[in-house]
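Trainee: Let me begin by handing over the structure; questions about it come next.
Number of protein chains: 2
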Amino acid sequence: MELEINAVKGGICAPKGFKASGIHAGIRKAMGGKGRPEKNDLGLIFAEKECYAAAVYTQNKVKGAPLYVTKKHLADGKCRAVIVNSINANTCNADGVEKATQMCELTAKALNIDIEDVIPASTGVIGQILPIEPFMDAIPRLVKTLAVTGSNAVAQAIMTTDTKMKEIAVEFVIDGKKCHIGAINKGSGMIHPNMATTLTFITTDVNVNPDFLQNILREVVDITLNRVSVDGDTSTNDMTLIMTSCLAGNKEINIENLEDTRIFFSALQIVLDYLARQMARDGEGATKLIVCDCQNAKTIEDANNVCNAVITSNLLKCAMFGSDANWGRILCAIGNSGVEYFDEKHTEVSVSSQKGEMLLFKDGGGVEFSEEKATEILKEEEIIITVNLNQGECSSYAYGCDLTYDYVKINGDYRS
Amino acid sequence: MELEINAVKGGICAPKGFKASGIHAGIRKAMGGKGRPEKNDLGLIFAEKECYAAAVYTQNKVKGAPLYVTKKHLADGKCRAVIVNSINANTCNADGVEKATQMCELTAKALNIDIEDVIPASTGVIGQILPIEPFMDAIPRLVKTLAVTGSNAVAQAIMTTDTKMKEIAVEFVIDGKKCHIGAINKGSGMIHPNMATTLTFITTDVNVNPDFLQNILREVVDITLNRVSVDGDTSTNDMTLIMTSCLAGNKEINIENLEDTRIFFSALQIVLDYLARQMARDGEGATKLIVCDCQNAKTIEDANNVCNAVITSNLLKCAMFGSDANWGRILCAIGNSGVEYFDEKHTEVSVSSQKGEMLLFKDGGGVEFSEEKATEILKEEEIIITVNLNQGECSSYAYGCDLTYDYVKINGDYRS
C-alpha cells in the first residue's frame with residue numbers, strides 16, 4: 100500500500116489541540132540595541148491538554164541555560180507549553196538558569212498551568228544577560244492572542260538571520276483516523292555577536308506510546324536534521340522537541356504496531372527532511388543547496404563519513420559557489436573522510452541538477468567532460484554530488500550549502 | 100646550558116654537501132595554459148654524497164602518484180636528489196606512477212646516479228595528465244645550474260598561491276662541530292583547480308642514526324607542521340622529507356646521546372615551527388595569524404582537541420577577520436572540540452597581541468571589557484587566543500588564520 104501523506108496549512112496548529120502566538124516583546128531594545136518592532140521576538144505554543152513530549156539536544160559541551168530547565172521539566176515526559184525567544188540565547192550567563200526559570204514562571208502563571216509543564220527556549224547572542232522585563236509585559240499579551248492561526252507568528256519569532264520562515268504541516272490516516280504533524284524551525288542564524296543556532300518544534304495529534312515517541316524522534320532526527328551542516332559548528336542551544344496531544348483518536352502506536360509505526364515514521368521523516376533541506380538552502384550567505392549522495396559503501400559509517408566530509412569541505416563549498424566542477428576537491432574530501440573501504444580505482448563521482456547529470460571521475464582518473472555543460476549544471480540552486488564507492492550496499496546523504504562572500508560578511512563584518 | 104641556535108643564510112644549501120637549482124620548465128604551457136616565464140616551476144636538490152633520509156606523508160587516503168614512488172625509493176632509507184614541480188600534482192591520473200618514475204629516470208640519468216636515489220614530488224592541479232616533455236628539456240639544464248646559492252630558486256619553484264617564499268637555515272654546535280639545518284616549504288596554495296598542498300624539504304649535515312632520524316622527524320612534525328590548519332583539508336600530496344649528508348663530522352647522534360639529541364631536536368623544532376607559522380600566516384586569503392594556546396588541560400588530547408577546534412571554526416575565523424572579540428564562538432568551539440575534562444565555570448578565555456592582553460570569559464560568564472581596546476588588540480597581524488581549562492597540567496597550541504573574502508575569491512571565483 101502506498102502511503103498517502105499530504106501537505107496541509109496551519110503549521111504547528113494543524114494537529115488537533117494546539118494554539119500559538121507570537122509578538123514583538125522588545126528584547127533587543129531592553130538589551131540596549133535598536134529594536135525592530137516589525138519583527139516578532141517572542142513566541143508561545145500551547146496545548147489544550149497535557150501532551151506526551153520527547154526531545155533531543157545539542158551535543159555541544161557548552162549548553163544554553165534553557166536546556167537545563169527543559170531537561171528538568173521534561174523528566175516526566177509531559178508538557179503543555181513552549182515559551183521561546185530570539186535575540187538572546189541566554190547562554191554562558193551566571194544567572195541563565197534563573198532567567199529561564201522566570202520565563203517559565205511567567206508563562207505558567209498567565210496560562211494557569213503547572214510551571215513544570217512549560218518548556219523554555221532561547222536563540223541569539225551568547226553571553227549577554229537576558230532582560231526579563233520584556234517578558235513580564237509580553238507573556239500575558241501572548242496568552243490573550245493564542246489562536247489556531249498562530250503558527251506563523253511563532254515561526255517568525257524564532258527567526259534570526261534566516262531569510263525564510265520555516266514551517267510545514269502534513270495530514271495522513273492511521274487506524275482510520277485523520278492525523279497531523281506540524282513543525283517550525285530556524286536555521287543557522289546570526290545575532291550580534293553571531294551564533295548559529297537551530298531550534299525545531301514539532302506538534303502532532305497522533306496517539307503514540309511516549310517511550311516509543313522518544314525512540315522514533317531520535318531515529319528520524321538522525322536521518323534528517325542531523326544530516327545538515329552549514330559551517331560545521333554545533334550550536335550551544337540546539338533542541339528538537341515533539342509534543343503530541345493524542346487527540347487524533349487512533350489506537351496507541353507502539354513497537355508491536357508495525358504498519359502504523361511505518362506511517363507515522365514516514366510522515367515525521369517527510370516533515371523533518373523538508374526542514375533539513377530548507378535550513379541548508381537558507382544557510383548563512385548560501386546561494387545553493389548541496390546534497391551529497393554516497394552509494395554502495397561497505398558500511399553505513401563509511402557512507403556517512405563520506406557525505407559529511409564532502410559537504411563540510413571549505414574548498415569544495417567555495418568551488419560550488421563558483422560553479423566549478425572541481426572534482427579533485429571531492430576526491431580530496433573523500434580521502435580525508437575516514438572512509439575505511441575505499442579504492443580510488445573503483446570510485447565514481449558525478450554531479451547533477453535540474454540541467455542534467457555528468458560523470459566526472461571513474462577508473463582512477465578524470466573523465467573528459469564539457470566545461471560549459473558542467474557550469475550549466477552547477478549554476479542551478481540545488482546540486483547533487485553522487486559518490487559511488489562500489490564497495491557494498493550501504494548508502495547515505497547529507498545536506499549542505501556553498502561558502503560565499505556573504506558568509507564572511509555576515510560573520511566577520513557585522514560589527515566593523 | 101642555554102642552547103645557541105642562530106639563523107644563517109643559504110636555506111637548504113646551508114648544510115654542507117648540498118646544491119640546488121630551480122628553473123621555468125613551462126609545465127603550465129605544456130598543459131595548454133598561459134605560461135608565466137618569470138616563475139620557476141621545477142626544482143632540484145642534490146647531495147654530493149648519498150644521504151640518510153626520512154619522511155612523513157599525508158594521511159589522506161587519496162595519495163598523489165609521486166608519494167608511491169617516493170616510498171619505494173626511500174625503502175632503503177637513503178637518497179641523493181629531489182626533483183619537484185609545481186603547477187600539476189600528478190594525482191588521480193591513471194598514468195601517475197609512470198610519470199613520476201619518468202621524472203626520476205630523467206634526473207638519475209642527468210646526474211649519473213641510481214634512479215632509486217631520486218625522490219619525486221609534485222604540487223598543483225589534481226586530475227590532469229602531467230606532460231613529461233618540459234622535464235626532458237629542463238632537467239639537464241637544472242643539473243648544469245646546480246649551485247650552493249640555489250635554495251631560493253627551488254623555494255620559488257614549489258610556490259603555488261603562496262604570496263611569500265618560505266625558507267630558513269640555522270647553525271648550532273654539536274660535539275664541538277658546526278652543524279646546520281636548512282629547509283624550504285610551500286603552504287596551502289591553489290592551482291587550477293585549486294588544491295591546497297604542503298611540501299617541506301629539510302637538509303642537514305648532522306650525523307644522525309638513520310632510524311633515530313625518522314623518529315625525531317615524526318615527533319617534531321607532530322608539534323610543528325601538524326599544528327597548522329588553513330582550511331581543514333589535508334591534501335593528497337603532503338610530504339615532509341629530511342636528508343642528512345652527515346658531513347658536520349660530529350659523533351653519530353642516537354638515542355643514548357641525550358644532550359646532542361636535545362640540541363638537534365630543538366634546532367629542527369625551531370626550523371619547522373618557523374615554517375608552520377609562515378604557512379598559517381600565508382594561508383589562502385589570510386590577513387592574520389591566529390594562535391590558539393590551550394593551558395592546564397587534564398590530558399594532552401584535550402589540549403590538542405581544543406586548539407584544533409578553535410582554529411578551524413569558520414565562525415571564529417570570520418570573527419577574527421572582522422577583529423570582533425566574539426568569545427561566544429570560542430566557547431562554542433571548545434564545547435564542540437571533544438574535550439573530555441571541561442567545566443565552563445573554571446574556564447578562562449583571553450585574547451592578546453602586540454597591543455596587549457584582555458580577559459574575556461571567566462567564572463562561567465563574560466567579563467566586562469572595552470570593545471575599543473579589544474578591537475585594537477584584534478586588528479594586529481598575530482593574535483593569540485588563550486584558553487585556560489584549569490583541569491590539569493597539559494598544554495598545546497595550534498596555528499591558523501582568518502577566513503576572508505579573498506579565501507572565497509581564490510577558491511570559488513578562480514574560473515568564473
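Here the protein sequences line up with chains A and B, keeping their order. Quick note: the first sequence uses our numbering, first residue 100, plus one each step. Quick note: the second sequence uses our numbering, first residue 100, plus one each step. Where a beta carbon is used, it is the ideal one built from N, C-alpha and C, also for glycine.
1. On the DSSP bridge assignment, give the partners of residue 392 of chain A in chain order.
2. Taking the runs of the beta strand (DSSP E) that are 3 residues or longer, which of them lie wholly in the segment 230–278 of chain B?
3. For residue 306 of chain A, count the other beta carbons within 10 Å of its own beta carbon; 16 or more makes it buried, fewer makes it exposed. Which is it?
4. DSSP three-state call for residue 474 of chain B: helix, strand or coil?
5. Which residues in chain B sit within 7 Å of residue 160 of chain A, going by Cβ to Cβ distance?
6. Ordered along the chain, which non-local residues of its own chain (more than five positions away) have a Cβ less than 6 Å from that of residue 445 of chain A?
7. Check whether chain B comes within 8 Å of residue 192 of chain A, counting only Cβ atoms and requiring the distance to be less than that.
8. Name the DSSP beta bridge partners of residue 195 of chain A, please?
9. Work out the CA separation of residue 180 of chain B and residue 254 of chain B for me, nearest whole Å.
10. Contact between the segment 166–183 of chain A and the segment 133–151 of chain A is defined here as three or more beta-carbon pairs at a separation below 8 Å; is this criterion met?
11. Give me the Cβ distance between residue 187 of chain B and residue 223 of chain B, rounded to the nearest whole Å; I'm assuming they're in contact under 8 Å.
12. Could you tell me how far apart the beta carbons of residue 44 of chain A and residue 112 of chain A are, in whole angstroms, since I believe they sit closer than 8 Å?
13. What's the C-alpha gap between residue 421 of chain A and residue 473 of chain A?
14. Is the beta carbon of residue 276 of chain A less than 8 Å from the beta carbon of residue 366 of chain A?
15. Against chain B, which members of the segment 456–489 of chain A pass a CB distance test of less than 9 Å?
16. Evaluate the contact criterion for the segment 379–395 of chain A versus the segment 490–508 of chain A: three or more CB pairs, one atom per stretch, below 8 Å.
17. Comparing the C-beta of residue 507 of chain B with each C-beta of chain A, is any distance below 8 Å?
18. Starting from residue 165 of chain A, trace the alpha helix (DSSP H) in both directions and tell me its first and last residue.
19. Please list the residues of the segment 411–430 of chain B that have a C-beta atom closer than 9 Å to any C-beta atom in chain A, keeping them in chain order.
20. Does the segment 225–236 of chain B come into contact with the segment 125–139 of chain B, if we say contact requires no fewer than three beta-carbon pairs (one atom in each stretch) closer than 8 Å?
21. Which class does residue 334 of chain A belong to by DSSP, given the choice of helix, strand or coil?
22. Should residue 510 of chain B be flagged as near chain A, meaning a C-beta pair shorter than 8 Å?
23. From A/236, A/163, A/452, pick the residue whose C-alpha is nearest to that of residue 141 of chain A; which is it?
24. Could you say if the segment 469–483 of chain A and the segment 422–430 of chain A meet the contact criterion of at least three C-beta pairs nearer than 8 Å?
25. Specify whether the segment 260–275 of chain B and the segment 155–174 of chain B touch according to this definition: at least 3 beta carbon pairs, one from each stretch, less than 8 Å apart.
26. Measuring CB atoms only, is the segment 320–329 of chain B touching the segment 349–362 of chain B, in the sense that at least three cross pairs come out at less than 8 Å?
27. Helix or strand or just coil, what does DSSP make of residue 365 of chain B?
28. Please decide whether residue 451 of chain A counts as near chain B, where near means a Cβ-Cβ distance under 8 Å.
29. Give the residues of chain B in contact with residue 503 of chain A, contact being defined as C-beta atoms less than 7 Å apart.
30. Provide the residue(s) that pair with residue 504 of chain A in DSSP beta bridges, ordered along the chain.
31. For residue 105 of chain B, is the classification buried or exposed, using 16 other Cβ atoms within 10 angstroms of its Cβ as the cut-off for buried?
32. Whole angstroms are fine: how far does the CA of residue 184 of chain A sit from the CA of residue 196 of chain A?
33. Give every residue of the same chain whose Cβ lies closer than 7 Å to the Cβ of residue 380 of chain B, excluding the five residues on either side of it in the sequence, and list them in chain order.
34. In three-state terms, what does DSSP make of residue 147 of chain A?
35. By a C-beta neighbour count over all protein chains shown, 10 Å radius and 16 as the cutoff for buried, is residue 281 of chain A buried or exposed?
36. Apart from the five residues just before and just after residue 114 of chain A, which ones in its own chain have a Cβ nearer than 7 Å to its Cβ?
Mentor: Based on what the coordinates show:
1. As a first step, residue 392 of chain A is located in the first sequence; it is residue number 293 there, counting from the start. Beta-bridge pairing links residue 392 of chain A to A/485, A/496.
2. Segments of the beta strand (DSSP E) lying fully in the segment 230–278 of chain B: 265–273.
3. To locate residue 306 of chain A, count along the first sequence from 1; it is residue 207. Classification of residue 306 of chain A: buried, given that the 10 Å Cβ count is 16 or more.
4. In the second sequence, the residue the question calls residue 474 of chain B occupies position 375. Three-state DSSP puts residue 474 of chain B in a helix.
5. What you label residue 160 of chain A is simply residue 61 of the first sequence in a count that begins at 1. Within 7 Å Cβ-Cβ: 434, 438, 441.
6. By one-based count along the first sequence, residue 445 of chain A stands at place 346. So the list reads 489, once near-sequence residues are dropped.
7. Here residue 192 of chain A refers to the residue found at position 93 when the first sequence is read from its first residue. Between residue 192 of chain A and chain B, the shortest Cβ-Cβ separation is below 8 Å.
8. In the first sequence, the residue the question calls residue 195 of chain A occupies position 96. Looking at the DSSP assignment, residue 195 of chain A forms no beta bridge with any residue, so it has no partner.
9. Mapped onto the second sequence, residue 254 of chain B falls at position 155. Mapped onto the second sequence, residue 180 of chain B falls at position 81. One C-alpha to the other measures close to 15 Å.
10. yes
11. Counted from its first residue, the second sequence places residue 187 of chain B at position 88. Counted from its first residue, the second sequence places residue 223 of chain B at position 124. Sure, about 5 Å apart at Cβ, within 8 Å.
12. It is not possible to answer for residue 44 of chain A, since the shown part of chain A is limited to 100 through 515.
13. In the first sequence, counting from the first residue as 1, residue 421 of chain A sits at position 322. In the first sequence, counting from the first residue as 1, residue 473 of chain A sits at position 374. If you take the alpha carbons of residue 421 of chain A and residue 473 of chain A, they lie about 12 Å apart.
14. Mapped onto the first sequence, residue 276 of chain A falls at position 177. Mapped onto the first sequence, residue 366 of chain A falls at position 267. Result no, Cβ atoms of residue 276 of chain A and residue 366 of chain A do not sit closer than 8 Å.
15. For chain B, the residues of the segment 456–489 of chain A that bring a beta carbon within less than 9 Å of one of its beta carbons are 459, 460, 462, 463, 464, 465, 470, 474, in chain order.
16. yes
17. Residue mapping note: residue 507 of chain B aligns to position 408 of the second sequence, counting from 1. Chain A, which has a Cβ nearer than 8 Å to the Cβ of residue 507 of chain B, makes this yes.
18. By 1-based counting over the first sequence, the position of residue 165 of chain A is 66. Here the alpha helix (DSSP H) through residue 165 of chain A covers 164–172.
19. 411, 412, 413, 414, 415, 416, 417, 418, 419, 420, 421, 422, 423, 424, 425, 426, 427, 428, 430
20. yes
21. Position 235 of the first sequence, counted from the start, is the residue given in the question as residue 334 of chain A. The answer is coil: DSSP assigns residue 334 of chain A none of H, G, I, E or B.
22. The residue labelled residue 510 of chain B in the question sits at position 411 within the second sequence. Yes, residue 510 of chain B lies at the interface with chain A (some Cβ there is under 8 Å from its Cβ).
23. Taking the first residue of the first sequence as 1, we reach residue 141 of chain A at position 42. That would be A/236, whose Cα lies nearest to the Cα of residue 141 of chain A.
24. yes
25. no
26. no
27. On the second sequence, residue 365 of chain B is found 266 positions in, with the first residue counted as 1. DSSP places residue 365 of chain B in helix when its eight states are reduced to three.
28. Against the first sequence, residue 451 of chain A aligns to sequence position 352. The beta carbon of residue 451 of chain A sits no closer than 8 Å to any beta carbon of chain B.
29. Position 404 of the first sequence, counted from the first residue, corresponds to residue 503 of chain A. Here the neighbours are 507.
30. By 1-based counting over the first sequence, the position of residue 504 of chain A is 405. Paired residue(s): none; residue 504 of chain A is not in a bridge.
31. Reading the second sequence from its first residue, position 6 is the one you call residue 105 of chain B. Classification for residue 105 of chain B: exposed.
32. As a working mapping, residue 196 of chain A is identified with position 97 in the first sequence. As a working mapping, residue 184 of chain A is identified with position 85 in the first sequence. So the alpha carbons of these two residues sit roughly 15 Å apart.
33. Within the second sequence, the letter at position 281 stands for residue 380 of chain B. Hits under 7 Å: 388, 500.
34. The count along the first sequence starts at 1 and reaches residue 147 of chain A at position 48. The answer is strand: DSSP assigns residue 147 of chain A an E or B state.
35. On the first sequence, residue 281 of chain A is found 182 positions in, with the first residue counted as 1. With 16 or more Cβ atoms within 10 Å of its Cβ, residue 281 of chain A is classed as buried.
36. Your numbering for residue 114 of chain A matches position 15 in the first sequence. Same-chain partners within the cutoff: 279, 280, 281, 302, 303, 304, 344.
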